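Novice: In my numbering, the protein residues as written are 1 to 402.
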């Protein structure tokens, strides 16, 4: 049996090499299908790892508190509560178990002018703890201080992209410069370090001002966007439980707020990217089926072309199982080679996209094994019928075939 398989593989390669162009065109569907599956799945894994690494870096042990929503009708949700400044002050004073720091922000957009340049930019009112809780450092000057918040001072801290849009150079040191936000003048006291990334890259466009100043001069006395709680190391669950109990009592409604921990955000990202990856891989997998049909067609042509050869073999004593094995192996070899080429091209596409997107190059062994196995299975499935036709040929009729 081993000799039969080895001989069948040798004959399969001889047949493929004898018709190089036809073999390549036949493999093309499999190559494209495997390349697409490997590339999309691997790009999805790389993007997921980039996002999770980013979130892990900027929001370790962080719990986000946002306004809650309740379902009022199928598919219709309504805000169930709002976060007020009084809620922030109560949380800061409560000193709940597992909680280290409590920060908050409110977000909006405003027209900002520096010299003769005016542009709309995202503006965020924040508390003094915000930068430390969110792990965002200042590389020039300082961040918002507690005194700035208490006295509602007109000071601002800017991200590098905001600086580039207003001053023309992301490396410009804006400390001491005066900018106009809305109708009020603000003194720039700090420049934030770059936060390049898929998730945190938007921080680079931020203009941060004291929360109290934002409420008094820019955004009005509207609800807070979010409250951000830094939990002690390995005490996130304790902090989340104490937060939930305290806020339920404070707001008299368990649905008036929602809590999202870092792990919950990571799980959600993983679920979304996983579903999208599977969906896209399934769609591109259709090209593998098309490639399989191409293999079946070319194998049927091959059986017709080699009818006399099959007749001679059977006349010399070749069993039906040997003929069947020969053509099945040839079909699997064709699809397997296409799978290997597709894996190589898929890895190349993944690497190129990772370089452009600046995220990790990830090719998992399970992805490669699954793609190759699927390609081989396509060859086996679509090669069975032509192989059976070859094995069932009557040797006398086959020898008469012209």
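Using N, Cα and C, we set each Cβ at its ideal position, and we do this for glycine too. Please read all numbers here as calculations on a predicted model, not as lab measurements.
Determine which residues share a DSSP beta bridge with residue 257 and list them.
Specialist: Answer is 67, bridged to residue 257.
Novice: In the DSSP output, which residue or residues are listed as bridge partners for residue 83?
Specialist: Answer is 224.
Novice: Leaving out five residues on either side along the sequence, give the residues of the same chain with a beta carbon under 6 Å from the beta carbon of residue 82.
Specialist: 67 and 223.
Novice: Leaving aside the five residues before and after residue 22 along the sequence, list all residues of the same chain whose C-beta is less than 6 Å from its C-beta, in chain order.
Specialist: Nothing meets the Cβ criterion.
Novice: Helix, strand or coil: how does DSSP classify residue 239 here?
Specialist: If DSSP states are grouped into helix, strand and coil, residue 239 belongs with the helices.
Novice: With C-beta atoms as the reference, is residue 29 less than 8 Å away from residue 287?
Specialist: Yes, the Cβ-Cβ distance between residue 29 and residue 287 is below 8 Å.
Novice: Thinking C-beta only, is residue 209 closer than 8 Å to residue 186?
Specialist: Cβ distance < 8 Å, so residue 186 and residue 209 count as in contact.
Novice: For the region 114-128 and the region 260-268, state whether three or more C-beta atom pairs, one from each stretch, are separated by less than 8 Å.
Specialist: Counting Cβ pairs under 8 Å, fewer than three are found: no touch.
Novice: Which residue's Cα is closest to the Cα of residue 229: 15, 92 and 389?
Specialist: The candidate whose alpha carbon is nearest that of residue 229 is 92.
Novice: Report the partner residues of residue 76 according to the DSSP bridge assignment.
Specialist: Paired residues: 73.
Novice: Measuring only the C-alpha atoms, how far is residue 358 from residue 245?
Specialist: When rounded, the distance between both Cα atoms is 42 Å.
Novice: Assuming residue 217 contacts residue 182 under a Cβ cut-off of 8 Å, what Cβ separation, rounded to an integer in Å, is found between them?
Specialist: Indeed, because the Cβ distance is near 7 Å, the residues count as touching under 8 Å.
Novice: Tell me whether the beta-carbon of residue 159 lies closer than 8 Å to the beta-carbon of residue 205.
Specialist: Contact: yes.
Novice: Per the contact definition of three or more C-beta pairs closer than 8 Å, is the region 275-292 in contact with the region 301-316?
Specialist: Result no; under three Cβ-Cβ pairs closer than 8 Å.
Novice: Write down the C-beta distance between residue 213 and residue 125 rounded to the nearest angstrom, noting that I regard them as a contact closer than 8 Å.
Specialist: Confirmed, about 7 Å.
Novice: Using C-beta distances below 8 Å, list every residue in its chain close to residue 282, excluding the 5 sequence neighbours before and after it, in chain order.
Specialist: Nothing listed; no residue qualifies.
Novice: Cβ atoms of residue 232 and residue 88: under 8 Å apart, would you say?
Specialist: Contact flag unset, no.
Novice: Tell me, please, whether the region 126-133 touches the region 73-82 by the rule of three or more beta-carbon pairs shorter than 8 Å.
Specialist: The region 126-133 vs the region 73-82: no contact.
Novice: Could you tell me which of 110, 253, 191 and 103 sits nearest to residue 142, measuring between CA atoms?
Specialist: Answer by Cα proximity: 191.
Novice: Exposed or buried, which one is residue 298 when buried takes at least 16 other CB atoms within 10 Å?
Specialist: Its Cβ being crowded by 16 or more others within 10 Å, residue 298 is buried.
Novice: Provide the residue span of the beta strand (DSSP E) that contains residue 268, from first to last.
Specialist: Element bounds for residue 268: not the beta strand (DSSP E) but the alpha helix (DSSP H), 262-284.
Novice: Going by DSSP in three states, residue 1 sits in which element: helix, strand or coil?
Specialist: Note that residue 1 has pLDDT 47, beneath the 50 cutoff, so the model's placement of it is unreliable and no number is given.
Novice: Using a C-beta cutoff of 8 Å, does residue 303 count as contacting chain D?
Specialist: Going by chain labels, chain D is absent from the structure shown, which holds only one protein chain.
Novice: Using the Cα positions of residue 149 and residue 356, report the straight-line distance between them to the nearest angstrom.
Specialist: Between residue 149 and residue 356, the C-alpha separation is close to 41 Å.
Novice: To the nearest angstrom, how far is it from the Cα of residue 62 to the Cα of residue 174?
Specialist: Rounded to the nearest angstrom, the two C-alpha atoms are 30 Å apart.
Novice: First and last residue of the alpha helix (DSSP H) that includes residue 386?
Specialist: Residue 386 -> alpha helix (DSSP H) spans 365-391.
Novice: Looking only at C-alpha atoms, which of 275, 33, 137 and 41 sits nearest to residue 350?
Specialist: Residue 41 is the option with its Cα nearest to residue 350.
Novice: Scan the region 110-174 and note each continuous alpha helix (DSSP H) run of 4 residues or more that stays entirely inside, going in chain order.
Specialist: DSSP runs (the alpha helix (DSSP H)) wholly in the region 110-174: 130-133, 146-151 and 160-167.
Novice: Can you tell me which of the three DSSP states residue 212 falls into?
Specialist: Three-state DSSP puts residue 212 in a helix.
Novice: Relative to the alpha-carbon of residue 380, which residue among 342, 334, 365 and 115 has its alpha-carbon at the smallest distance?
Specialist: Cα-wise, what sits closest to residue 380 is 334.
Novice: Going by DSSP in three states, residue 230 sits in which element: helix, strand or coil?
Specialist: The answer is strand: DSSP assigns residue 230 an E or B state.
Novice: Under a three-way DSSP split, which group does residue 18 fall into?
Specialist: Helix, per DSSP.
Novice: Specify the secondary structure class of residue 13 as computed by DSSP and reduced to three states.
Specialist: In the structure shown, residue 13 sits in a helix (DSSP, three-state: H, G or I).
Novice: Which class does residue 204 belong to by DSSP, given the choice of helix, strand or coil?
Specialist: Three-state result, residue 204: helix.
Novice: Going by other Cβ atoms of all chains shown within 10 Å of its Cβ, with 16 needed for buried, is residue 167 buried or exposed?
Specialist: Counting Cβ neighbours within 10 Å, residue 167 comes out buried, since at least 16 surround it.
Novice: Does the region 315-327 come close enough to the region 385-393 to have 3 or more Cβ pairs within less than 8 Å?
Specialist: Cβ pair count under 8 Å is three or more, so yes.
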